[in-house]
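As they're listed, the protein sequences go chains S, E, Y and X. The first sequence lines up with residues 590 to 788 when you count with the numbering used here. The second sequence lines up with residues 590 to 788 when you count with the numbering used here. The third sequence lines up with residues 590 to 788 when you count with the numbering used here. The fourth sequence lines up with residues 590 to 788 when you count with the numbering used here. From the three backbone atoms N, C-alpha and C, an ideal C-beta is built for every residue, glycine too. Since this is a predicted model, take the numbers as computed values, not measurements. Please read the structure below before turning to the comments.
There are 4 protein chains.
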Amino acid sequence: MGLRERNKAEKWRRIVEAASRLFATRGFEATTTAAIAEEAGIGTGTLYLYVTSKEDLLLAVFRDEVGELWDHAFTLIDPTAPVVEQLMTAFSHVTAYHEQEPELTRIYFKELMFVSPAMRSGVSEFMRHFIGRFVELLDKAKVNGLLDPDVPTGMLAHNLWAQYYILMQRRYAGSIDPESLLPRLGHSFQVALWGMARG
Amino acid sequence: MGLRERNKAEKWRRIVEAASRLFATRGFEATTTAAIAEEAGIGTGTLYLYVTSKEDLLLAVFRDEVGELWDHAFTLIDPTAPVVEQLMTAFSHVTAYHEQEPELTRIYFKELMFVSPAMRSGVSEFMRHFIGRFVELLDKAKVNGLLDPDVPTGMLAHNLWAQYYILMQRRYAGSIDPESLLPRLGHSFQVALWGMARG
Amino acid sequence: MGLRERNKAEKWRRIVEAASRLFATRGFEATTTAAIAEEAGIGTGTLYLYVTSKEDLLLAVFRDEVGELWDHAFTLIDPTAPVVEQLMTAFSHVTAYHEQEPELTRIYFKELMFVSPAMRSGVSEFMRHFIGRFVELLDKAKVNGLLDPDVPTGMLAHNLWAQYYILMQRRYAGSIDPESLLPRLGHSFQVALWGMARG
Amino acid sequence: MGLRERNKAEKWRRIVEAASRLFATRGFEATTTAAIAEEAGIGTGTLYLYVTSKEDLLLAVFRDEVGELWDHAFTLIDPTAPVVEQLMTAFSHVTAYHEQEPELTRIYFKELMFVSPAMRSGVSEFMRHFIGRFVELLDKAKVNGLLDPDVPTGMLAHNLWAQYYILMQRRYAGSIDPESLLPRLGHSFQVALWGMARG
DNA sequence: GATGAATGAGTATTCATTCAT
DNA sequence: CATGAATGAATACTCATTCAT
């Protein structure tokens, strides 16, 4: 990697970190692009050589942070455990992390569903990717005899994801309290897997 | 009802209708409270004798319109039909109606989840009410032998509602197209009811 | 005039004076609407209850100030004097005044010709009005035997106005110096009236 | 001419053509220097090896295009025709051409009068040159007995030019419509030459 | 009850120009 | 000769809400 490329990569890292930090402490709307640029040590215009909009930057932060979070979550799973347990292992890791940065999480769940057309595919692709990993998880569970082989895993993964997503929205909209999040999710999953899962 | 009360009720009707009309054509943010007041034939300040905020007004429109919509939807259900069919009867009625006013529907699903604290209980109560009616539907299905009596209907109703809600969000965020909404919802429900429903 | 109306008129006066003062000292672009509002002792939003845009405000200042200026200029004219002398009386009064506020004058001649469509008719009307007064002047001169009765006064007035306008543009664009403005104008007029004027 | 010089001349040609094309289609302000550089097939910084500013580039385009236009216009003139006819031959050629590129013409008449000090002499010199050619035309007309020999041709040429310039400004500011431009110009000239011209 | 004049906070983004390479 | 990444200044206007009348 040449000097210029390394400089660029380094700058990009500083930008994403600065944005993440400020979004988390001040919120999305309250954070100005000027503040991000200053925190990252670059000019205000320079920011726009890396992203096309503030929303684009949010998406970058999300991908960076939440992508890594989920990647790690999947490594914690024991594929021989009962399916609900596998799911809860991953989701409880993710929710535990999110609880540490409630403001940023709130932004993710509030802003990213209704994003401008230009960003939409970025968000969709991200979600599809992780739903795909749940499909893999469920397929593996079938092989291990933990799941009814007739179940359409694609649709089931979507259903499980929807339970998670709605609960997170309600949690970070302030409609349900932190303590009841995981128990509710567990019950949701149990009902969603009713009669499908063994063990 | 006295004359003054009738006048007030008439004004309130005009306000809700004006707001509904303008939100539907211009969108929520683009509609000014001044425009609503003018359309309703009242002064700008007078509006605040009826609602506490613009958001409050949106909630009123939502309750008025969507409440009636769901009330009607439940009357269409045949309680002896298979559960998925019962569900689809109600939901397809609702989605068909929403498709006629996409902008207004978009606002509902975008704005109402993350509403300010003062309005939150109003929204929650509304949703709880209709989820409760699904619980009744499922309980009745148990009685009719259409649903496994061991299933926890409260949680199941929440799960079904989540499928619906997420799909509607994705539909009105522009992520999925109109045609695939109902088929997706049907498949979701079938998987959610897997091994529970008979007939 | 009621209290509210007097208040409104008073506020309007303060706005125009504040804008005039700031445009003259800082220039048009460098003057912010916030500064004008503060100088006028009103809120920034209040300004827009009186004008539709910053450009609109400039036009108001122009009309207010330059209208009065020309009105006064016409009172100075001796209708029995030779035509060139009559013209020079009026124009030298106007140019003398403009020389006291060169920045503001510069703005008038730079901005007002290429104004946005919404304001255009306002500017045109203003100019037509004063060109019309020159037509009257020339018609009176015919009656007094100071001008060839066959001359089309409408077109002649336009021509004289064009000489004035171009010279003012060049003066305030910095292309010609202050001292040569009036002599050039005088010569222009003499040539423009060549063979038409007597006395 | 050496190879390097030819390369440079070729690049310059490409730059002026690119700028002309983009100014004409997008307008002056909306055209970015980056877009011009790309259209010309050079780097953004390279542009500044040829011009000192965007304004400078506009002036170059103007000189290139309008200079040629006027040069051609003068060749069309029949010096034995009546003066007004001679003038109208030239001006109608020029205005006809301008009507084909209204946006670019608008820019010329809007921007070039109030140009930055560094460019001012360039514009003035250009105008002086062509006003000078009108002086020649008028002097020749005197010799041919078409114009009163006592008329100061320098000042008359300025006056005629002013009529033209003001009308073009008003035309491209949107204040007068295309059809009335030439008739108005003709009448202006007739009044401006009142009693001076014969034939 | 009704009015409507007044308020004032609040910021993403562009782009001509430069200069280190 | 040529490049293109980096810069950073700069602001009109809207509109939900209030409260004196």
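Q: May I ask you to verify whether the region 636 to 651 of chain S touches the region 690 to 709 of chain S, counting CB pairs closer than 8 Å and requiring at least 3?
A: yes
Q. Sorted by chain position, which residues of the same chain lie with C-beta nearer than 6 Å to residue 608 of chain E's C-beta, five sequence neighbours on each side aside?
A. As a position in the second sequence, residue 608 of chain E is number 19, starting the count at 1. Around residue 608 of chain E: 625, 646, 650.
(Q) Can you confirm whether residue 808 of chain E, when its beta carbon is compared against all beta carbons of chain S, has any partner nearer than 8 Å? (A) Residue numbering for chain E in the displayed model covers 590 to 788; residue 808 of chain E lies beyond these limits and cannot be assessed.
Q.
Suppose only complete runs of 3+ residues qualify. What are the beta strand (DSSP E) ranges in the region 592 to 642 of chain Y, listed by chain order?
A. none
Q: Using a threshold of 8 Å, state whether the C-beta atoms of residue 672 of chain S and residue 786 of chain S are closer than that.
A: One-based indexing of the first sequence puts residue 672 of chain S at position 83. One-based indexing of the first sequence puts residue 786 of chain S at position 197. Closer than 8 Å, so yes.
Q. So the alpha helix (DSSP H) residue 748 of chain E belongs to, where does it begin and stop?
A. Against the second sequence, residue 748 of chain E aligns to sequence position 159. Note, residue 748 of chain E: alpha helix (DSSP H), 742 to 762.
Q) Is it a yes or a no for the region 751 to 763 of chain E touching the region 694 to 705 of chain S, going by three-plus beta-carbon pairs under 8 Å? A) yes
Q: Identify the contact partners of residue 762 of chain Y in chain X, using a Cβ-Cβ distance below 8 Å as the criterion.
A: Start at 1 with the first residue of the third sequence, and residue 762 of chain Y comes out as number 173. The answer, in chain order, is 702, 703, 704, 709.
Q: Spell out whether any CB of chain Y is found under 8 Å from the CB atom of residue 754 of chain X.
A: In the fourth sequence, counting from the first residue as 1, residue 754 of chain X sits at position 165. Taking Cβ atoms only, chain Y reaches closer than 8 Å to residue 754 of chain X, which makes this a yes.
(Q) Given a cut-off of 8 Å on the beta-carbon distance, is the pair residue 659 of chain E and residue 719 of chain E in contact? (A) Your numbering for residue 659 of chain E matches position 70 in the second sequence. Your numbering for residue 719 of chain E matches position 130 in the second sequence. In contact: residue 659 of chain E and residue 719 of chain E (Cβ atoms closer than 8 Å).
(Q) Applying the 10 Å Cβ sphere with the 16-neighbour rule, what's the burial state of residue 661 of chain S? (A) As a working note, residue 661 of chain S is residue 72 in the first sequence. By the neighbour-count rule (16 or more Cβ atoms within 10 Å), residue 661 of chain S is not buried but exposed.
Q) Candidates S/752, S/669, S/685: which alpha carbon is nearest residue 731 of chain S's? A) Against the first sequence, residue 731 of chain S aligns to sequence position 142. Of the candidates S/752, S/669, S/685, the one whose C-alpha sits nearest the C-alpha of residue 731 of chain S is S/669.
Q: Compute the distance between the beta-carbons of residue 773 of chain S and residue 756 of chain S, then report whether it is under 8 Å.
A: Position 184 of the first sequence, counted from the first residue, corresponds to residue 773 of chain S. Position 167 of the first sequence, counted from the first residue, corresponds to residue 756 of chain S. Their beta carbons are under 8 Å apart, which means residue 773 of chain S touches residue 756 of chain S by this criterion.
Q: Compare the beta carbon distance of residue 744 of chain Y and residue 740 of chain X with 8 Å and say whether it is the shorter of the two.
A: Looking up residue 744 of chain Y in the third sequence gives position 155. Looking up residue 740 of chain X in the fourth sequence gives position 151. No, the Cβ-Cβ distance between residue 744 of chain Y and residue 740 of chain X is not below 8 Å.
Q) Do residue 610 of chain S and residue 630 of chain S have their CB atoms nearer than 8 Å? A) Taking the first residue of the first sequence as position 1, residue 610 of chain S is located at position 21. Taking the first residue of the first sequence as position 1, residue 630 of chain S is located at position 41. No, the pair does not count as a contact, with Cβ atoms beyond the cut-off.
Q. Who are the near neighbours of residue 727 of chain Y in its chain, counting only those whose CB is closer than 8 Å to its CB and skipping five residues on each side?
A. On the third sequence, position 138 is the one that residue 727 of chain Y refers to. Here the set comprises 672, 736, 740, 742, 745, 746.
Q. Based on the DSSP secondary-structure assignment, which residues constitute the bridge partners of residue 670 of chain S?
A. Here residue 670 of chain S refers to the residue found at position 81 when the first sequence is read from its first residue. BP columns for residue 670 of chain S are empty, so no partner.
Q) Does DSSP put residue 647 of chain S in a helix, in a strand, or in coil? A) Along the first sequence, one-based indexing puts residue 647 of chain S at 58. Of the three classes helix, strand and coil, the one that applies to residue 647 of chain S here is helix, per DSSP.
**Q.** Selected residue, minimal CA-CA separation from residue 754 of chain X, among X/725, X/699, X/636, X/724
**A.** Taking the first residue of the fourth sequence as position 1, residue 754 of chain X is located at position 165. Of X/725, X/699, X/636, X/724, the residue nearest in Cα terms is X/699.
Q: Determine, using beta carbons only, whether residue 740 of chain E comes closer than 8 Å to chain S.
A: Mapped onto the second sequence, residue 740 of chain E falls at position 151. It does: the Cβ of residue 740 of chain E has a partner Cβ on chain S nearer than 8 Å.
**Q.** Close-in-space but distant-in-sequence residues of the same chain around residue 640 of chain X (CB under 6 Å, 5 per side omitted)
**A.** Along the fourth sequence, one-based indexing puts residue 640 of chain X at 51. These residues qualify, in order along the chain: 646.
Q | Collapsed DSSP secondary structure at residue 665 of chain E in the structure displayed | A | For the purposes of this step, residue 665 of chain E is taken as residue 76 along the second sequence, with counting starting at 1. Residue 665 of chain E: coil per DSSP, three-state reduction.
Q. Could you give the residue range of the alpha helix (DSSP H) that holds residue 714 of chain E?
A. Working through the second sequence from its first residue, we reach residue 714 of chain E at position 125. 706 to 732 is the extent of the alpha helix (DSSP H) around residue 714 of chain E.
Q | Which listed residue (X/654, X/681, X/724) has its alpha carbon closest to that of residue 694 of chain X | A | One-based indexing of the fourth sequence puts residue 694 of chain X at position 105. The residue with the shortest Cα to Cα distance from residue 694 of chain X is X/654.
**Q.** Residue environment, residue 689 of chain E, which counts as buried when at least 16 other CB atoms sit within 10 Å
**A.** Counting from 1 along the second sequence, the entry for residue 689 of chain E is found at position 100. Per the 10 Å Cβ criterion, exposed.
**Q.** Beta-carbon contacts of residue 777 of chain X that lie in its chain and below 6 Å, excluding the five residues immediately before and after
**A.** Taking the fourth sequence and counting its residues from 1, one reaches residue 777 of chain X at position 188. So the qualifying residues of the chain are 752.
Q | For residue 692 of chain E, the first and last residue of its enclosing alpha helix (DSSP H) | A | As a first step, residue 692 of chain E is located in the second sequence; it is residue number 103 there, counting from the start. Note, residue 692 of chain E: alpha helix (DSSP H), 691 to 700.
Q. For residue 786 of chain S, which residues does DSSP report across the bridge?
A. Mapped onto the first sequence, residue 786 of chain S falls at position 197. Note: residue 786 of chain S sits in a beta bridge opposite S/736.
Q | Contact set between residue 727 of chain Y and chain X, taken where Cβ atoms lie within less than 7 Å | A | In the third sequence, residue 727 of chain Y corresponds to position 138, counting from 1. Ordered by position in chain X, no residue passes the 7 Å Cβ test against residue 727 of chain Y, which lies about 11 Å from the chain.
Q: With a 10 Å radius around its C-beta and 16 neighbouring C-beta atoms as the bar for buried, classify residue 636 of chain S as buried or exposed.
A: For the purposes of this step, residue 636 of chain S is identified with residue 47 of the first sequence, where counting begins at 1. It counts as buried.
Q. Once you ignore the five residues that flank residue 612 of chain X on each side, which residues in its own chain have a CB closer than 8 Å to its CB?
A. In the fourth sequence, counting from the first residue as 1, residue 612 of chain X sits at position 23. For residue 612 of chain X, where only same-chain residues beyond five positions count, the Cβ hits under 8 Å are 620, 647, 650, 692, 693, 696.
Q: Compute the Euclidean distance between the alpha carbons of residue 677 of chain E and residue 714 of chain E, then round it to the nearest angstrom.
A: Walking along the second sequence from the start, residue 677 of chain E turns up at place 88. Walking along the second sequence from the start, residue 714 of chain E turns up at place 125. Residue 677 of chain E and residue 714 of chain E: Cα-Cα distance of roughly 23 Å.
Q: Can you give me the Cβ contacts of residue 632 of chain X inside the same chain, cut-off strictly under 8 Å, excluding the 5 residues immediately before and after it?
A: As a working mapping, residue 632 of chain X is identified with position 43 in the fourth sequence. Excluding sequence neighbours, residue 632 of chain X sits near 626.
Q) Looking at residue 663 of chain E and residue 679 of chain E, is the spacing between their C-beta atoms short of 8 Å? A) As a working mapping, residue 679 of chain E is identified with position 90 in the second sequence. As a working mapping, residue 663 of chain E is identified with position 74 in the second sequence. Yes, the Cβ-Cβ distance between residue 679 of chain E and residue 663 of chain E is below 8 Å.
Q: Please find out if some non-hydrogen atom of the ligand SAM comes closer than 7 Å to the beta-carbon of residue 713 of chain X.
A: You won't find the ligand SAM in this model; it holds no ligand whatsoever.
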